[in-house]
Amino acid sequence: MRSLLCSLFVLCSVPSFAQRVLIVTAHPDDESGCAATVYKISKELGGTVDLAVITNGEAGYKYASLAGAVYGFDLTNEEVGRRELPSIRKRELMAGGKWIGIRNYFFFDQTDNHYTLDADTVLKQVWDVEWVKHRLTEIMIEGGYDFIFTMLPTDETHGHHKAAGIIALQTLSDLRIRSRRPVILGMGGGRKDAAKPYTEFTGYPVTKVDPGVPVFEFDKLQKFGYNGKLDYRIPVNWLISEHKSQGVMQTYMNMGEKEYFYFFAMNSPDEVERVKTLFDRLNAPSNGSKGNRP
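Below, the structure written as structure tokens:
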């Protein structure tokens, strides 16, 4: 009996890592930027991950040359592509999401007009930002999330990516809840040995990162499985393979060795340890998926 009580005490003393995460992105396939991290959170750490995607990616018709034979439409024709791709890309997104353990999908159905670096035009003229923020507020409150992952609004990235990150940050900044506020992190790329330098996106102070907090990272090259032959690029590749309407996506397989996450200054400094604990667990050795089916 005493042994049983001691065991229960130990179990109850171990902090829970079943974290609840919301991803906020601009297009179907943007989730690939954090796919390895999401896989480990959902499949190995017992967490849950939901995805809010602002557009349906219909402007991706330009990259759909190979997909016509798959879906039976001339998707490179702009009229046809913009009509058919929203439903196609939603299906692709959910098919890919199964591989990494995404639970719920929230589609905002905003216009994917064209590639641009200009976030201001997207926010002021293209998307119904007031409605998007209202819906995102509902999702944040109902979900009770521990973390929010969103797009890092860098100068060189797509204007829709910038806009998605700005909206997520502004919405969380305005959120009034009694419970603990989620920690919001920006997903960013980098080289093998270093994350890209980033301070803030000019004109939007809410995008500033805390310069005193190092960039957190997840190593996709962690080895597991028989003789250490597997790594976390594999589930990312599975996800990428589902986005068949976007031919260029297939060239991103095995690309990048780390996923980087930036700590925004709007977060409380007290939350740094919570983020560090999460990434310590993410980067701890493991045996891969515990057998959860997609």
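Each residue of the sequence shown is one higher than the last, beginning at 25 in this note's numbering.
Ideal Cβ positions, reconstructed from N, Cα and C, are used throughout, including at glycine.
Fair warning: this is a prediction, and the values are worked out from it, not measured in the lab.
As assigned by DSSP and simplified to three states, the class of residue i
i	result
K282	strand
M25	The predicted model places M25 with a pLDDT of 46, which falls under 50 and marks its position as unreliable, so this point remains unresolved.
F131	strand
T223	coil
G210	strand
T61	helix
V77	strand
L193	helix
I264	helix
L254	strand
S310	coil
F275	Per the sequence shown, the amino acid found at residue 275 is Thr instead of Phe. It is helical.
T161	helix
T140	coil
I126	strand
S31	In this prediction, S31 has a pLDDT of 38, which is less than 50 and means its spatial position is unreliable; nothing more can be read from the coordinates.
S37	Only weak support is given to the placement of S37: the predicted model assigns it a pLDDT of 38, under 50, and the value that follows is read from those uncertain coordinates. S37: helix per DSSP, three-state reduction.
N316	Only weak support is given to the placement of N316: the predicted model assigns it a pLDDT of 46, under 50, and the value that follows is read from those uncertain coordinates. If DSSP states are grouped into helix, strand and coil, N316 belongs with coil.
K186	helix
Residue span of the beta strand (DSSP E) that contains residue i, given as start and end
i	result
E82	Element bounds for E82: n/a, residue is neither H nor E.
M175	171-175
E180	Counting along the chain, E180 falls outside any beta strand (DSSP E), and DSSP gives it neither H nor E.
DSSP bridge partner residues for residue i (one or two, in chain order)
i	result
E103	Its beta-bridge partners do not exist; DSSP assigns none.
R44	T72
E55	Note: E55 sits in no beta bridge, so no partner.
V233	F288
E241	Y284
T49	V77
F97	According to DSSP, which records beta bridges pairwise, F97 is partnered with nothing at all.
Residue span of the alpha helix (DSSP H) that contains residue i, given as start and end
i	result
V296	296-306
Whole-number beta carbon distance between residue j and residue i, since they are thought to touch under 8 Å
i	j	result
E224	V233	7 Å
K244	T195	Actually they are not in contact, since the Cβ atoms of K244 and T195 sit about 29 Å apart, beyond 8 Å.
S89	G271	6 Å
I172	L46	5 Å
G210	L176	3 Å
E116	P52	6 Å
D152	G183	About 16 Å; that fails the 8 Å criterion.
8 Å Cβ cutoff met for residue i and residue j
i	j	result
Q149	I78	no
I191	I165	no
D74	F130	yes
V48	A188	yes
A60	F242	yes
Y87	I112	no
K64	Y256	yes
N81	L109	For the sequence presented, residue 81 should be read as Gly rather than Asn. Closer than 8 Å, so yes.
F288	V239	no
N261	N278	yes
S269	L99	yes
R44	D170	yes
V62	I126	yes
D136	A83	yes
Short CB-CB distance (under 8 Å) between residue i and chain B
i	result
F173	This model lacks chain B altogether; it includes just one protein chain.
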